[in-house]
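Heads up: the sequence shown is residues 51 to 124, going by the working numbering. For every residue, glycine included, the Cβ atom is placed at its ideal position computed from N, Cα and C. Heads up: the structure comes next, in structure tokens.
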Amino acid sequence: MGSGIKNNMQASGFRDRKSYSPEEIWAAGGTTAFGKKKGQNNEKLIEALEASPEIEPFNEEEWKEALKQLEQNK
């Protein structure tokens with residue numbers, strides 16, 4: 051189990067954070083129970099999201115291209 055966690059950390063962009071398998075999360079009692087055990091809660095998440103700077107995922111040209119592709123693939 052330990053080497054799996056290490057491999058997950060190396061493969062992700064979050065090398066400074068430990069990753070957990072779905073089995074570990076379910077064994078803790080599910081996602082809500084797991085978060086509480088780790089000191090996290092929905093209020094903290096909402097506050098962090100509200101405090102983060104607003105970003106636009108696409109610039110104007112990228113939006114136009116994405117909408118064009120969606121229209122073509124209908």
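C-alpha distance - residue i paired with residue j, whole-angstrom precision
i, j, result
"M51", "L120", "With a pLDDT of 47 at M51, under the threshold of 50, the modelled position of that residue is not reliable, and the figure given next carries that caveat. Each residue's Cα considered, the two are about 42 Å apart."
"R65", "I75", "19 Å"
"L99", "N123", "33 Å"
"S102", "L117", "27 Å"
"G89", "P72", "18 Å"
"E93", "G85", "12 Å"
Residue i - containing alpha helix (DSSP H), residue span
i, result
"I105", "Run containing I105: none; DSSP gives neither H nor E here."
"N77", "The question names Asn, but residue 77 is Ala in the sequence shown. Residues 72-77."
"Q90", "Looking at the DSSP string, Q90 is not in any alpha helix (DSSP H), and its letter there is neither H nor E."
"K124", "K124 -> no alpha helix (DSSP H), and no H or E assigned at all."
C-beta atoms of residue i and residue j nearer than 8 Å
i, j, result
"K87", "A78", "yes"
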